[in-house]
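J.:
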């Protein structure tokens, strides 16, 4: 068993199926962090509204410029910041809430479990995208923090179910019984004995969640209900190119490719992790 | 630590006013959603004196492990300890105790050793951490002090190179060593009572002997009482001062170890003794008790053993036998006690040994 675990872990780390998406994610995160250094122009300042308006890609403007003469390359780099951090932050929120609710349901059992799980069933029956559209349409324009909260607080239901199942099965394990028989408190039991065993599940859930959230944020921003101009996110750049794909295709193509790469990389990593932990 | 420093020899006659642990009419039922009730433990009583080793014996499914778990109120749902049961430890009723004082008793005054050391240790924590954790949750010891006590304890349970071993994970240790770690976890707070649920069943025979020896040694050193749950009569003969035999959720016989092996009074005990294979005995087939333990949802009327008992007669169907005195410290729940002549008429046809099997001789 020993060698099996270490072997498969090494296999995962070396396998191209894991390594490639991981490298991509690291690269994208690096770009997001280093955007102010990498970007040749300020992302939100028009350069020359007359001379540099709607230019196609060139050596000076790699991804062209938009209708108010902002450099699209710089905006895509800064957009990575917004898009990725919105996704990461809202998934973190989802995981935190979902893990807590799931663990409480599994620990408390009985009536609490039933109430929490039925509530989740009801919440899951509401289509998430429609709910988000409705709320952001009513409350638009949403500040970034509100957007993160909104996406995060509508994304934890699946996590809660997953964690509940996992904790329920962990609670029947002998080492949990042994810890309880040693006088370990429930809070410590959760922290020291249960949460570490949830990490694989949470890692898979997080990577897949980030992928879907990047797409969700891009979609909302494209509809003008997510990240608001002038703040650049991949979705909000694409929104500017709406209806102009035949003349100013660069407004759609480059941020679209960026989002596609990020979503693919996260999905691929999530799948690889899932295969590794639950083949 | 314990107040009683007497090292009770296995055969010492016990005459204390209050035993260390006293279980009275303990009933643990599992209620299924289809309203069937599994009466896993159905009104058992026994007690354990300080420093004593009591063996709880019986087949799988007779309620031994559930009994052990209920002593620390750790019966898994939907199992429930029924009202009317009492478990008194040092004069305190564990069943009415609030959660926090109960938690302090677990691991500190009553500790537990589980059967399967490979699953009873947390795979993601080092073994040193797991022993030290017991110290940490019961004392205000610093991390460093707790670690030191853990390493000391690992030394005492016979782990070579304990400082190195303490930093290893369970999968890096052999089965025998893992069980030593479990014992270290159980004993690190010097509990007065240790419950060991089949502690050697999952181990190789040679390792079994070492673990039993270790338990005996630790018991002698600390004066703790030991409740040893086993189905292995060889273990009983080697370890016990007193034996409690369980069948179908009830205690059917209770006796000092010598009396049990010399004069088993319940046909079930006889059957268990007869089923121990003997070296040099000229039999082709191993002796077994016919049939299996009935389902806990559907105990037979009267005596629960009657369907498997060669002596069963009409009274066994109608009346449930109660434990009656058959000798000093020796009680049995069998109607044969009142009708010994029925046993004689059968003993020839039914191969029941009248003497102690050699391999199960008390040492």
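Protein chains in written order, with this note's numbering: chain P, 17 to 295; chain R, 737 to 1099. A virtual CB, placed ideally from N, CA and C, is assigned to each residue, including glycine. None of these values were measured; they are calculated from a predicted model.
1. Any beta-carbon of chain A closer than 8 Å to the one on residue 197 of chain P?
2. Label residue 177 of chain P either buried or exposed according to how many other C-beta atoms from any shown protein chain fall within 10 Å of its C-beta, with 16 as the threshold for buried.
3. Please classify residue 182 of chain P as buried or exposed, where buried requires at least 16 neighbouring CB atoms within 10 angstroms.
4. Go ahead and label residue 803 of chain R buried or exposed: buried means 16 or more other beta carbons lie within 10 angstroms of its beta carbon, across all protein chains shown.
5. Report the rounded CA-to-CA distance for residue 165 of chain P versus residue 244 of chain P, giving the unit in angstroms.
6. Which residues does DSSP list as the beta-bridge partners of residue 982 of chain R?
7. Starting from the Cα of residue 250 of chain P, find the closest Cα among P:154, P:264, P:234 and P:43 and give me that residue.
8. Kindly say whether residue 181 of chain P, judged by its beta-carbon, lies nearer than 8 Å to any beta-carbon of chain R.
9. Could you please tell me which residues of the stretch 849 to 860 of chain R, in chain order, have their CB closer than 7 Å to any CB of chain P?
10. Which residues in chain P sit within 8 Å of residue 842 of chain R, going by Cβ to Cβ distance?
11. Please report the residue range of the alpha helix (DSSP H) in which residue 954 of chain R lies.
12. For residue 745 of chain R, count the other beta carbons within 10 Å of its own beta carbon; 16 or more makes it buried, fewer makes it exposed. Which is it?
13. When the Cβ atoms of the stretch 89 to 102 of chain P are set against those of the stretch 49 to 59 of chain P, are three or more pairs found closer than 8 Å?
14. Please identify the residue among P:225, P:230, P:214 and P:242 whose C-alpha is closest to the C-alpha of residue 293 of chain P.
15. Given that a residue counts as buried once 16 or more other Cβ atoms are within 10 Å of its Cβ, and exposed if not, what is residue 773 of chain R?
16. So what's residue 932 of chain R in DSSP terms, helix, strand or just coil?
17. With a threshold of 8 Å on Cβ separation, who are the neighbours of residue 155 of chain P within its own chain once the five nearest residues in sequence on each side are excluded?
18. Would you verify that the beta carbon of residue 893 of chain R is, or is not, closer than 8 Å to some beta carbon of chain P?
19. Show which residues of chain P have a CB atom less than 7 Å away from the CB atom of residue 716 of chain R.
20. Please classify residue 957 of chain R as buried or exposed, where buried requires at least 16 other C-beta atoms within 10 Å of its C-beta.
21. By how many angstroms is the C-alpha of residue 870 of chain R removed from the C-alpha of residue 943 of chain R?
22. Hey, how far is the Cα of residue 31 of chain P from the Cα of residue 284 of chain P?
23. With a CB to CB cut of under 7 Å and the five nearest residues on each side skipped, what residues in its chain are close to residue 748 of chain R?
24. Tell me the residue span of the beta strand (DSSP E) that contains residue 791 of chain R.
25. Fully enclosed by the stretch 120 to 149 of chain P, which alpha helix (DSSP H) runs are 4 residues long or longer?
26. Use the C-beta contact count for residue 968 of chain R: other C-beta atoms within 10 angstroms, 16 or more gives buried, fewer gives exposed.
27. Rank P:192, P:216 and P:247 by C-alpha distance to the C-alpha of residue 288 of chain P and give the top, closest one.
28. Given that a residue counts as buried once 16 or more other Cβ atoms are within 10 Å of its Cβ, and exposed if not, what is residue 819 of chain R?
29. Does DSSP put residue 761 of chain R in a helix, in a strand, or in coil?
30. Could you name the residues of the stretch 208 to 225 of chain P whose beta carbon sits closer than 8 Å to any beta carbon of chain R, in the order they occur along the chain?
31. Compute the distance between the beta-carbons of residue 257 of chain P and residue 267 of chain P, then report whether it is under 8 Å.
32. Looking only at its chain, what residues have a beta carbon closer than 6 Å to the beta carbon of residue 801 of chain R, apart from the 5 residues adjacent to it on each side?
33. Of the choices R:840, R:1056, R:757 and R:1029, whose alpha-carbon is the least far from that of residue 198 of chain P?
34. Identify the contact partners of residue 873 of chain R in chain P, using a Cβ-Cβ distance below 8 Å as the criterion.
35. I need the DSSP call for residue 175 of chain P, collapsed to helix, strand or coil.
36. Restricting to runs no shorter than 3 residues, where is the beta strand (DSSP E) found entirely within the stretch 829 to 859 of chain R?
T.: Taking the geometry as given:
1. Reference to chain A is not applicable here, since the protein chains of this structure are P and R.
2. For this step, residue 177 of chain P is matched to residue 161 along the first chain. It counts as buried.
3. By 1-based counting over the first chain, the position of residue 182 of chain P is 166. By the 10 Å Cβ count, residue 182 of chain P comes out buried.
4. Position 67 of the second chain, counting from 1, holds the residue named residue 803 of chain R. Residue 803 of chain R should be labelled buried.
5. By 1-based counting over the first chain, the position of residue 165 of chain P is 149. By 1-based counting over the first chain, the position of residue 244 of chain P is 228. Rounded to whole angstroms, the separation of the alpha carbons of residue 244 of chain P and residue 165 of chain P is 16 Å.
6. Mapped onto the second chain, residue 982 of chain R falls at position 246. Residue 982 of chain R is bridged by DSSP to R:987.
7. Residue numbering aside, residue 250 of chain P sits at position 234 when the first chain is read from its first letter. If we check each option's Cα against that of residue 250 of chain P, P:234 comes out closest.
8. Here residue 181 of chain P refers to the residue found at position 165 of the first chain. Not closer than 8 Å to any Cβ of chain R, the Cβ of residue 181 of chain P fails to qualify, so no.
9. Contact residues of the stretch 849 to 860 of chain R toward chain P are 850, 852, 855, 856, 857, 858 and 860 (C-beta to C-beta distance below 7 Å).
10. Locating residue 842 of chain R in the second chain gives position 106, counting from the first residue. Those within 8 Å of residue 842 of chain R in chain P are 196, 197, 198 and 199.
11. Within the second chain, numbered from 1, the residue matching residue 954 of chain R stands at position 218. Where residue 954 of chain R is concerned, the enclosing alpha helix (DSSP H) stretches over 941 to 958.
12. Position 9 of the second chain, counting from 1, holds the residue named residue 745 of chain R. For residue 745 of chain R, the predicted structure reports a pLDDT of 46, less than 50, and the residue's modelled location is therefore unreliable. The matter cannot be settled from this model.
13. Contact holds between the stretch 89 to 102 of chain P and the stretch 49 to 59 of chain P, because three or more Cβ pairs, one in each stretch, are under 8 Å apart.
14. For the purposes of this step, residue 293 of chain P is taken as the residue at position 277 of the first chain. Relative to residue 293 of chain P, the option among P:225, P:230, P:214 and P:242 whose CA is nearest is P:214.
15. Indexing the second chain from 1 puts residue 773 of chain R at position 37. Label assigned to residue 773 of chain R: exposed.
16. Stepping through the second chain from its first residue, residue 932 of chain R is reached at position 196. In the three-state DSSP reduction, residue 932 of chain R falls in the strand class (E or B).
17. Here the question's residue 155 of chain P lines up with position 139 in the first chain. So the list reads 162, once near-sequence residues are dropped.
18. Translated into positions along the second chain, residue 893 of chain R becomes position 157. It does not; no Cβ of chain P falls within 8 Å.
19. In the structure as shown, chain R begins at 737 and stops at 1099. Residue 716 of chain R is therefore absent and cannot be evaluated.
20. Looking up residue 957 of chain R in the second chain gives position 221. Counting the other Cβ atoms within 10 Å of the Cβ of residue 957 of chain R gives fewer than 16, which makes it exposed.
21. Reading the second chain from its first residue, position 207 is the one you call residue 943 of chain R. Reading the second chain from its first residue, position 134 is the one you call residue 870 of chain R. Rounded to whole angstroms, the separation of the alpha carbons of residue 870 of chain R and residue 943 of chain R is 25 Å.
22. As a position in the first chain, residue 31 of chain P is number 15, starting the count at 1. As a position in the first chain, residue 284 of chain P is number 268, starting the count at 1. Each residue's Cα considered, the two are about 12 Å apart.
23. Here residue 748 of chain R refers to the residue found at position 12 of the second chain. Only weak support is given to the placement of residue 748 of chain R: the predicted model assigns it a pLDDT of 45, under 50, and the value that follows is read from those uncertain coordinates. Only residues of its own chain outside the window of five on either side were considered, and among them none has a CB closer than 7 Å to the CB of residue 748 of chain R.
24. Taking the first residue of the second chain as position 1, residue 791 of chain R is located at position 55. 789 to 793 is the span of the beta strand (DSSP E), which, as asked, contains residue 791 of chain R.
25. Scanning the stretch 120 to 149 of chain P from its first residue to its last, the whole alpha helix (DSSP H) runs of 4-plus residues come out as 126 to 140.
26. On the second chain, residue 968 of chain R is found 232 positions in, with the first residue counted as 1. When all chains shown are included, residue 968 of chain R counts as buried.
27. As a first step, residue 288 of chain P must be located in the first chain, where it is residue number 272. The residue with the shortest Cα to Cα distance from residue 288 of chain P is P:216.
28. Start at 1 with the first residue of the second chain, and residue 819 of chain R comes out as number 83. Exposed, since its Cβ has fewer than 16 Cβ neighbours within 10 Å.
29. Within the second chain, numbered from 1, the residue matching residue 761 of chain R stands at position 25. Correct three-state label for residue 761 of chain R: strand.
30. Sequence-ordered contacts of the stretch 208 to 225 of chain P with chain R read 208, 209, 212 and 213 [C-beta pairs closer than 8 Å].
31. Stepping through the first chain from its first residue, residue 257 of chain P is reached at position 241. Stepping through the first chain from its first residue, residue 267 of chain P is reached at position 251. Yes, the pair counts as a contact, with Cβ atoms nearer than the cut-off.
32. The residue you call residue 801 of chain R lines up with position 65 of the second chain. Excluding the 5 residues flanking it on each side, residue 801 of chain R has same chain C-beta neighbours closer than 6 Å at 933, in chain order.
33. Position 182 of the first chain, counting from 1, holds the residue named residue 198 of chain P. Here the closest residue by C-alpha is R:840.
34. Indexing the second chain from 1 puts residue 873 of chain R at position 137. What residue 873 of chain R touches in chain P: 198, 199, 200, 201 and 204.
35. Within the first chain, residue 175 of chain P is the residue found at index 159, counting from 1. DSSP places residue 175 of chain P in helix when its eight states are reduced to three.
36. Counting whole runs of 3 or more residues, the stretch 829 to 859 of chain R contains the beta strand (DSSP E) stretches 846 to 849.
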